[in-house]
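Reading through the structure tokens given below for one structure.
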Amino acid sequence: MLARQNWSKNVEFLLAAIGYCVGLGNVWRFPYLCYSSGGGAFLVPFFLMLILCAVPLLYMELAVGQYTQNGPVGALAKLCPLFKGAGLATVVISFLFTTYYNVIIAWAFYYLFHCFQSVLPWTACDHDWNSPNCWDGTATQNYTNSTTNTSYLGPAMKPNGTISPTEDFYQSYVLERSSGIEETGRLKWELALILLMCWVIVYFCIWKGPKSTGKVVYFTATFPYVVLVVLLVRGVTLPGSLNGILFFIRPKWELLLDPKVWVNAAAQNFNSIGIAFGGIITMSSYNKFNNRIIKDVLVIAVVDAITCLLAGFAIFSILGNLAENQGKDVGDVIQQGPGLVFVIYPEAFTTMPVPQLFAAVFFFMLINLGIDSQFASTEVIVTTINDHFHPQVKKYLKRKEVLVAVVCALSFLCGLPNVTQGGYYFFSLIDHYAAAVSLMYLAFFEVIAITWFYGARRLGRNIKEMNGSTPNIFFIVCWYFISPLFIFGIWLFSMISYRPFQLDGYDYPVWATVLGWFIAALSVLCVPIGMVHSIYQAKGNNLWQKLKNSIVSPLDDPNEIFHLNLYNGGPEKKENFDAI
952 MLARQNWSKN VEFLLAAIGY CVGLGNVWRF PYLCYSSGGG AFLVPFFLML
1002 ILCAVPLLYM ELAVGQYTQN GPVGALAKLC PLFKGAGLAT VVISFLFTTY
1052 YNVIIAWAFY YLFHCFQSVL PWTACDHDWN SPNCWDGTAT QNYTNSTTNT
1102 SYLGPAMKPN GTISPTEDFY QSYVLERSSG IEETGRLKWE LALILLMCWV
1152 IVYFCIWKGP KSTGKVVYFT ATFPYVVLVV LLVRGVTLPG SLNGILFFIR
1202 PKWELLLDPK VWVNAAAQNF NSIGIAFGGI ITMSSYNKFN NRIIKDVLVI
1252 AVVDAITCLL AGFAIFSILG NLAENQGKDV GDVIQQGPGL VFVIYPEAFT
1302 TMPVPQLFAA VFFFMLINLG IDSQFASTEV IVTTINDHFH PQVKKYLKRK
1352 EVLVAVVCAL SFLCGLPNVT QGGYYFFSLI DHYAAAVSLM YLAFFEVIAI
1402 TWFYGARRLG RNIKEMNGST PNIFFIVCWY FISPLFIFGI WLFSMISYRP
1452 FQLDGYDYPV WATVLGWFIA ALSVLCVPIG MVHSIYQAKG NNLWQKLKNS
1502 IVSPLDDPNE IFHLNLYNGG PEKKENFDAI
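Note that our numbering has the sequence shown beginning at 952, numbered continuously upward.
Below, the structure written as structure tokens:
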């Protein structure tokens, strides 16, 4: 068997896991969801979902990876071969994720490079690339005082249909956004080269496995917190910041009756912690067998929750200042997704002293937030291939470093459609269908495979093998009942409330929607395909025998070993087992 690398220190694993879980979603998704889903009242379903669903499933995935010492496919195949396709599906999702997520990091680098100018390029509409709709508020017009019948010059009224310089910079210069996905346009070579640079960075972060990744995360996982604290301190000192914070946390209790709010709370936890993406199982598979799991679970969950709150306060304090400067309500300047970090935040920086410094530090923070999640997702693919095709990798590629290069190169090529003039529409389409649509479906099959077919109590005995004590009954109950029911309910509500995907009022053509569902099906179909393959490979003289054997885990059950030892050698064998 291939000798498995381990993290040099447990702190390196913790930092890598925190870097993987804490990403751009904490900065641009949580604050908006909190604002739109009840303000401070949203924290009730958020923390309830965190405790009853996210934390138990994080514990489950950490235990599975550490015990099996395999990536998601190998881990599920060892626990319940029938559902190994669910493990493969997480690898497919991770691959799709890597193809477009690195594009966000490329955008952040593009902004960072433009920060080193005497005047930030998104502050005015006097550039050659500005569209006719750009409006920076500097235009004037003649007014007539009807009382004195005298004329005077004043600021012109903002025409309808105009956009701010920051929005125009993002759409007309960075993206060169076309009118729709059907208008692909040309490849933006500047972004393509930056994307290539991002992949080179990812390569050197993971090319030596945990040994190289563990050194990188000391900086990439901690630097964003320094910046968030600085932004929070700066934000609360700005005029209007209190209005922004109150707007963020003011409870709207009536919204808790809306099922969509609870779905948003669960989706935020799943996407933030990375449940069913394969990254947690992969990273924990490099842990030492006796690593204390519950400690890691609590640290990761607490840090992730604190980051969401820290980012929310930092962002809304600055948005409150921006709203006051523009004479608007905070709700009129808030956006979600890329619009928040690439339009609203750059606009806020233009009103601060030394805007170049604040902008550069902010975009460098985004790069660090994104790169951790990116190289962890890439490692899922590399680990899976190396686990299952190591002889072929050794024969044809010679070294794991070459395999990493091949995976990075393929992901880079698949990501190029995102940096065309119509790339933003493709980026949004794959972001929606690759993970959001199919994630709960895959999470449900992963959970029932591990907790129902393999057995939650059996997993608890595996944890006792590793750590010397079984998990609290709370986790067993959550694994058996609460978490699967929550996931099924969220998936069912998502299907019932499904609406065709739209982007800023743009309706995708039918062929693009079909493409989106095809992208979603790439991961979903792995589950039934894996079932067919497992049944075909299982021992048995007929289909029923093969089906039964495909459900049985090839791993030894610690409980059965204990009883066998008692039968063969007496009670003293129990002491030997407890000492494992």
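Backbone N, C-alpha and C fix where the C-beta goes; we use that ideal spot for every residue, glycine too.
For this session: With DSSP as the reference, please indicate the residues paired to C1085 in a beta bridge.
Result: I1114
Exercise. Going by DSSP, what residues sit across from Y1457 in a beta bridge?
Worked result: L1454
For this session: Can you tell me the Cβ-Cβ gap for I1285 and G1186, rounded? I've got them flagged as a contact below 8 Å.
Result: Incorrect: roughly 14 Å between the Cβ atoms, too far for contact.
Exercise. By DSSP, does T1464 sit in helix, in strand, or in coil?
Worked result: helix
For this session: Please state whether DSSP places F964 in a helix, a strand or coil.
Result: In the three-state DSSP reduction, F964 falls in the helix class (H, G or I).
Exercise. Is the stretch 1312-1330 close to the stretch 1052-1064, with three or more CB pairs under 8 Å?
Worked result: As far as the Cβ criterion goes, the stretch 1312-1330 touches the stretch 1052-1064, which means the pair count is three or higher.
For this session: Express the C-alpha separation of P996 and L1476 in angstroms, rounding to a whole number.
Result: 31 Å
For this session: Figure out for me which residue from R1409, Q1020, I1433 has the closest Cα to the Cα of P1422.
Result: R1409
Exercise. How about I1438 and T1329: do their beta carbons lie closer than 8 Å?
Worked result: no
Exercise. If we ignore side chains and look at the alpha-carbon of each, how far apart do R1243 and T1335 end up?
Worked result: The straight-line gap from Cα to Cα measures roughly 24 Å.
Exercise. Given a threshold of 16 other Cβ atoms within 10 Å of its Cβ, counted over all protein chains shown, does N1492 qualify as buried or as exposed?
Worked result: Label assigned to N1492: exposed.
Exercise. Is the distance from the Cβ of L1354 to the Cβ of L1348 below 8 Å?
Worked result: yes
Exercise. Secondary structure at T1019, three-state DSSP: helix, strand or coil?
Worked result: helix
Exercise. So what does DSSP say about L1183, is it helix, strand or coil?
Worked result: helix
Exercise. Cα separation between F1264 and L1033?
Worked result: 46 Å
For this session: Identify, in the order they occur along the chain, each residue of the same chain with its Cβ nearer than 7 Å to the Cβ of N1081, setting aside the five sequence neighbours on each side.
Result: D1119, S1123
Exercise. Tell me the DSSP bridge mates of L1138?
Worked result: The bridge partners DSSP lists for L1138 are T1371.
Exercise. Among L1009, M1482, L994, which one has its Cα closest to the Cα of L1207?
Worked result: L994
For this session: Confirm, please, whether the CB-CB distance from Y1384 to I1132 is below 8 Å.
Result: no
Exercise. Under a three-way DSSP split, which group does I1447 fall into?
Worked result: DSSP places I1447 in helix when its eight states are reduced to three.
For this session: Please report the residue range of the alpha helix (DSSP H) in which K1133 lies.
Result: Inspection of the sequence shows that residue 1133 is occupied by Glu rather than by Lys. Neither: E1133 is in no alpha helix (DSSP H) and is coded neither H nor E.
Exercise. Ends of the alpha helix (DSSP H) at Q956?
Worked result: Looking at the DSSP string, Q956 is not in any alpha helix (DSSP H), and its letter there is neither H nor E.
Exercise. When you compare each of A1400, P1083, V973, G1467 to P1435 by their alpha carbons, which one comes out closest?
Worked result: A1400
Exercise. When burial is assigned at 16 or more other CB atoms within 10 Å of the CB, is I1257 buried or exposed?
Worked result: exposed
Exercise. If you draw a straight line from the alpha carbon of L1308 to that of V1398, how long is it in whole angstroms?
Worked result: 46 Å
Exercise. Skipping 5 residues on each side, what residues in its chain have a beta carbon closer than 8 Å to that of T1464?
Worked result: P1451, F1452
For this session: Please classify T1188: is it buried, with 16 or more other beta-carbons within 10 angstroms of its beta-carbon, or exposed?
Result: Using a 10 angstroms sphere on the CB of T1188, the tally of other CB atoms stays under 16, which defines it as exposed.
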